[in-house]
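Peer 1: Dumping the structure here so I can ask a few things about it.
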Amino acid sequence: MSLLPRSVLVVGSGGREHALVRALLASPSRPRVVCAPGNAGIALEVACFPIAADNLDGLLTLAQREHLEFVVVGPEVPLALGLADRLLAAGIPVYGPTAAGARLESSKIFTKEILLRHRIPTAPAAFFDAVAPALAYLQGRPLPIVIKADGLAAGKGVIVAPTLAEAEAAVRDMLAGGKFGTAGRRILIEDCLCGEETSILVVVSGRDYVILPTSQDHKRVGEGDTGPNTGGMGTYSPAEVVTPDLLRRIEVEIVRPSVEAIAAEGIDYRGTLYVGLMLTTEGPKIIEYNARFGDPETQVVLPRVADDMLALLWAATCGKLAGVSISIRPEHAICVVIAARGYPESYPKGDPIDFPTSLPAGVSILHAGTANNPAGKIVTNGGRV
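In the working numbering, the protein residues as written are 461 to 845.
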């Protein structure tokens, strides 16, 4: 493997990016780490540049001006827009898939077609761009039923409808009502999988991969797993439901076939593959792929990796992941998300945040939607803070 980069740009502004920044700062090679755009907490640890994650021109210019040798992309939107393609064309190594690979997240229909074509376990589904045939399809399907917007909808484009009326309303909202905008112009209707949900984060480099520690996310906003879905309200690692035997089965039936299928589709995937799973009575089945580290899964997964994360991500980027393994710390990790009032619907920004003067051993705070107001006070600047 080539020498590790001396400088790294982390793209993004959430808790995931704060966790990535800390993991990279912990590298024994002591790289210079910067972030764009970052948040109020990240800015306490590294230099942050006010360039939006979807400003591809600005990010490329920043990387060139600052002579940054490596870019690690956190969120899905810049990947879907082709940030990795732009950086690679300029000769800048990047951890994160090209736009072709990011379609695994930016188009649920694209992913489902790959899963069905390669016979990877998943739910039966059909695709629609008009209301009438979608409503007709619903008549013969079991309830509950899942309605998904094809495109990116900030983690909120999935409706689990317990009744036919709610399913029909979701179809009309997306295809006729413009809910989720262009992301909902095409929809996927799939049978609802029953079981326990979990996810696996996999560092991928072509046909080689390393499975990271398991974790489990809880998405509903309310206590007792109630209320609407969110981007994730809390996680823990390891996911106790994923026993060592089950993890081996997931690797054989899900992870390895997924990596092989992506490569067979002509995609040279170099980045994190997030595999969302439902553990059904028939075995593990894929709910979705994401083309990046999960949030808030990253916040509990990275602290449990005992090895140099910079070296691992660099190996994947350079196509040198074959034979690489990681050591996992035995300690458990948990992340509890604090959210602004009203999230995931409308919520205010600019509310002051009070922080404890001290924290117990082993406890840390990672920032997500935070900013500094003109008086220098840290305030809310997003739904999950």
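For every residue, glycine included, the Cβ atom is placed at its ideal position computed from N, Cα and C.
Given the structure is predicted, the values throughout are model-derived calculations rather than measurements.
#1: Quick one, are the C-beta atoms of Ser718 and Leu706 less than 9 Å apart?
#2: What's the gap between the Cα of Arg730 and the Cα of Thr642?
#3: For Leu564, which residues of its own chain have a beta-carbon under 6 Å away from its beta-carbon, when the five flanking residues on both sides are left out?
#4: So the beta strand (DSSP E) Ala847 belongs to, where does it begin and stop?
#5: Over what stretch of residues does the alpha helix (DSSP H) that includes Ala596 continue unbroken?
#6: How many angstroms separate the CA atom of Asn689 from the CA atom of Val845?
#7: Apply the 10 Å Cβ neighbour rule to Thr848 and answer buried if 16 or more other Cβ atoms are within range, or exposed otherwise.
#8: Spatial neighbours of Gly736 within its chain, please: CB distance less than 6 Å, with the 5 preceding and 5 following residues excluded, ordered by chain position.
#9: Less than 8 Å separating the Cβ of Ser697 from some heavy atom of the ligand SAM?
#10: Could you please give me the residues that DSSP links to Ala496 through a beta bridge?
#11: Contact between the segment 599 to 616 and the segment 633 to 641 is defined here as three or more beta-carbon pairs at a separation below 8 Å; is this criterion met?
#12: Report yes or no: do three or more beta-carbon pairs, one from the segment 767 to 784 and one from the segment 541 to 558, lie closer than 8 Å?
#13: According to DSSP, which residues form a beta bridge with Arg680?
#14: To the nearest angstrom, report how far apart Ser665 and Leu672 are at their CA atoms.
#15: How should Pro491 be labelled, buried or exposed, when 16 other C-beta atoms within 10 angstroms of its C-beta is the threshold for buried?
#16: Terminal residues of the continuous alpha helix (DSSP H) containing Ala828?
#17: Leaving out five residues before and five after Asp767 in sequence, what residues of the same chain have Cβ atoms less than 8 Å from its Cβ?
#18: Should Arg482 go down as buried or exposed, given a rule of 16 or more other Cβ atoms within 10 Å for buried?
#19: Using alpha carbons as the reference points, say which of Glu526, Ala544, Gln524, Val506 lies closest to Asp514.
#20: What are the start and end residues of the beta strand (DSSP E) that includes Lys568?
#21: Can you list, in chain order, the residues of its chain whose CB lies under 7 Å from that of Glu720, leaving out five sequence neighbours each side?
Peer 2: So, from the data block:
#1: no
#2: 27 Å
#3: Thr571, Tyr749, Ala751
#4: The structure shown does not extend to residue 847, since the chain spans only 461 to 845, so no value can be given for it.
#5: 591 to 598
#6: 16 Å
#7: Past the edges of the chain, shown from 461 to 845, lies residue 848, and the structure says nothing about it.
#8: Ser659, Ile747, Glu748
#9: Summarising the ligand content, the structure contains no ligands, and the ligand SAM is consequently not present.
#10: Val471
#11: yes
#12: yes
#13: Asn689
#14: 14 Å
#15: buried
#16: That residue, Ala828, is in no alpha helix (DSSP H); it is neither H nor E in DSSP.
#17: Ile786, Ser787
#18: buried
#19: Ala544
#20: Where Lys568 is concerned, there is no enclosing beta strand (DSSP E), although the alpha helix (DSSP H) it sits in stretches over 568 to 577.
#21: Arg667
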